[in-house]
Amino acid sequence: MNSYRDFVNSFSKLGKRVSGLSRIERLMAALGDPQKKFRAVHIAGTNGKGSTAQMLADTLTAAGYRTGLFTSPYIIRYNDRIRIDGREVTDSELDLLAQEVSEAVSGMDEGFSQFEITQAIAFLHYVREGCDIVVTEAGLGGLLDSTNVIPPPECAVITSIAYDHTAILGETLEEIAAQKAGIIKRGSAVVCSASVTGAARDIITARAQECGIQAVIPDMSAVTVRESGIGGTVFDYGEMKGLTLRMGGRHQIYNAAAVTEAVSVLRGRGYDIPESALRRGLEAQIPARVQILSREPLIILDGGHNPEGVAALSAVLSGERRKKCAVIGMLSDKDSSEAARLIAKAADRFVCVDGFAPNARDACELAEILTAAGAPAEGSAFSAEETVRREIRKLKSGEALVICGSLYLAALFADGRIVGEELKQG
């Protein structure tokens, strides 16, 4: 490989789509190019984008910056994709912004995706509300993702590279890395998670070098874990002692280290971010990331939906000795066989559900896949909601329930209402 661009052009399905931002560029122009009126941090990666974005946004807010946050997909309701200093866009604000975008679109011949329309609404909102900086999470890939219409960000962050959306992003980690690395631009800085290794890291560092940038990679040898479990992690990173993560799982340390390095980069670009703000930011909690819905009985919700995400959840659960039942559902376009292999030993039994999304894998089919992987599994004849209610009633003292396999499934329970109602009745 001579260069990042040579690599991209060597794959026809990537090379032919390099100029794929023209549609969103026209929409942005029709709206006055709001993306050119705020500074940004751009985050891409297969997993960890949401957690990293939330930690960084909370850090910037704690430091006194008016901070926008754009994430996808929404977990509880549509509005939670568009936030400023933790406050969701209101329904009335959303209505007015949507009308403005609708008027701009009505004069154009091409169709736009829901993601593009949502992004347009969000970018207008951040400008109107005077955001100092916007933490922007790429939706799919990076190079051709509509969020990549932004000018060079203050910092680009690559969180992880793993197999997901292979029909679009490529069938090898190198191809996927090339897409993620597309958010790196001349004039910005870049942080690459230490979880990215081998050829994938080479692709990212090559892109950075072409842009005249030295990629910053966290030094994981500087990490000392003090304690870690489902309830979070306490660790040291270099001279910073006792950093606390509320989101469970050691994999979050990689995200936290990337955030810490991104903060260092931003300081070097003139941002005043005290250590106290970073500490507050690292304590961020977002729905469906090893989210504890109840401590007694222990009920955990997680939206990891690809092999890397499922492996992270499995690692968390392996440290929990109590007997566990997992209510699990997956989408039909995910690698269910590999996910089943990774999670098969993480629970004592699995109850599979479907119907939570149009493309949810059939519950009995998923049960067969899990059974083939050596997991005791059965398909549920009830809805996901009713299945969870029934499993809560079956819980005995010292047992735990895990709801997992898909963000769409997790969205049904992330607000805690269904679990809370059932526990109250019990």
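So the mapping is simple: this note's numbering equals the position in the sequence shown, first residue as 1, plus 120. Note that beta-carbon positions come from the ideal geometry of N, C-alpha and C, so glycine has one too.
Rounded separation between residue i and residue j - CA only
| i | j | result |
| --- | --- | --- |
| Asp-205 | Ile-489 | 43 Å |
| Leu-451 | Asp-474 | 9 Å |
| Glu-295 | Glu-257 | 20 Å |
| Pro-394 | Ala-376 | 16 Å |
| Gln-405 | Val-316 | 23 Å |
| Tyr-391 | Leu-398 | 12 Å |
| Phe-235 | Gly-259 | 8 Å |
| Asp-455 | Gly-184 | 42 Å |
| Leu-264 | Arg-146 | 15 Å |
| Arg-387 | Lys-516 | 51 Å |
| Thr-267 | Ile-144 | 9 Å |
| Ser-177 | Val-161 | Checking the displayed sequence, the identity of residue 177 turns out to be Ala instead of Ser. The straight-line gap from Cα to Cα measures roughly 9 Å. |
| Arg-409 | Val-471 | 20 Å |
| Ala-466 | Leu-216 | 47 Å |
| Glu-506 | Ser-434 | 24 Å |
| Ala-492 | Leu-437 | 21 Å |
| Val-254 | Glu-208 | 14 Å |
| Glu-230 | Glu-519 | 54 Å |
| Gln-155 | Ser-142 | 14 Å |
| Glu-416 | Leu-151 | 50 Å |
| Leu-214 | Glu-498 | 42 Å |
| Leu-134 | Gly-261 | For Leu-134, the pLDDT reaches just 39, beneath the cut-off of 50, and the residue's location in the model is therefore unreliable, although a value from the coordinates is still provided. Cα-Cα distance, rounded: 11 Å. |
| Ile-323 | Asp-339 | 19 Å |
| Ala-586 | Ile-163 | Since the first residue shown for the chain is 121 and the last is 546, residue 586 is missing from the structure and cannot be characterised. |
| Ser-132 | Ala-298 | The pLDDT assigned to Ser-132 is 37, lower than 50, so where the model puts this residue is not dependable; a value taken from the coordinates is nonetheless given after this. One C-alpha to the other measures close to 13 Å. |
| Arg-321 | Ala-432 | 20 Å |
| Ile-468 | Ala-487 | In the sequence under discussion, the amino acid at residue 468 is Asp, which differs from the Ile named in the question. Spanning the two alpha carbons is a distance of roughly 14 Å. |
| Val-269 | Leu-543 | 46 Å |
| Ala-224 | Ala-483 | 43 Å |
| Val-310 | Ser-192 | 21 Å |
| Phe-190 | Ala-240 | 11 Å |
| Leu-529 | Val-447 | 10 Å |
Sequence-distant residues of its chain with Cβ nearer than 6 Å to residue i (five each side left out)
| i | result |
| --- | --- |
| Thr-279 | Gly-165, Gly-168, Lys-169, Thr-172, Ser-313 |
| Arg-366 | Gly-352, Glu-403, Gln-405 |
| Glu-458 | Pro-427 |
| Ile-419 | Leu-413, Leu-521, Val-539 |
| Ala-534 | Ile-195, Ile-196, Pro-407, Ala-408 |
Burial state of residue i (16 or more Cβ within 10 Å)
| i | result |
| --- | --- |
| Thr-210 | exposed |
| Ser-139 | Its pLDDT being 42, under 50, Ser-139 is placed unreliably by the model, and nothing is read from it. |
| Ser-226 | exposed |
| Ala-149 | exposed |
| Glu-511 | buried |
| Glu-541 | exposed |
| Val-539 | buried |
| Thr-344 | exposed |
| Arg-201 | buried |
| Gly-494 | exposed |
| Met-175 | buried |
| Gln-545 | exposed |
| Gly-358 | exposed |
| Lys-514 | exposed |
| Gly-369 | buried |
| Lys-300 | buried |
| Gly-439 | exposed |
| Ser-222 | exposed |
| Arg-442 | exposed |
| Gly-307 | exposed |
| Ser-233 | exposed |
| Ala-531 | buried |
| Ala-501 | exposed |
| Arg-203 | buried |
Sequence-distant residues of the same chain with beta carbon closer than 8 Å to residue i, five excluded per side
| i | result |
| --- | --- |
| Gln-334 | Ala-328 |
| Lys-305 | Pro-271, Pro-272, Pro-273, Ala-276, Cys-331 |
| Asn-199 | Glu-208, Val-209, Thr-210, Asp-211, Leu-214 |
Cutoff 7 Å; reference residue i; Cβ partners in own chain excluding five residues on either side
| i | result |
| --- | --- |
| Phe-355 | Val-343, Thr-344, Val-345, Arg-346, Leu-363, Ile-373 |
| Gly-536 | Leu-413 |
| Glu-428 | Thr-166, Asn-167, Ser-280, Ala-282 |
| Ala-460 | Ile-489, Leu-490, Ala-493, Ala-495 |
| Ala-319 | Leu-293, Glu-294 |
Check your understanding: Enumerated in chain order, which unbroken segments of the beta strand (DSSP E) with a length of 3 residues or greater are wholly contained in the stretch 280–325?
Key -> Correct list: 309–312.
**Study point:** Cβ contact (3+ pairs, closer than 8 Å) linking the stretch 346–362 and the stretch 235–247
**Key:** no
Check your understanding: So, do the stretch 468–482 and the stretch 378–387 have three or more beta carbon pairs nearer to each other than 8 Å?
Key -> no
Check your understanding: Counting Cβ pairs, one atom from each stretch, are 3 or more of them under 8 Å apart for the stretch 515–529 and the stretch 423–434?
Key -> yes
**Study point:** Entirely enclosed beta strand (DSSP E) segments - the stretch 176–247, minimum 3 residues
**Key:** 187–190, 202–204
Check your understanding: Hey, which unbroken runs of the beta strand (DSSP E) at 3 residues or more fall wholly within the stretch 506–536?
Key -> 520–524
Check your understanding: What are the complete beta strand (DSSP E) segments, minimum 3 residues, inside the stretch 365–444?
Key -> 411–415, 418–421
Practice item. Within the stretch 443–494, note down every full alpha helix (DSSP H) run reaching 4 residues or more, in order along the chain. Key: 456–463, 483–492
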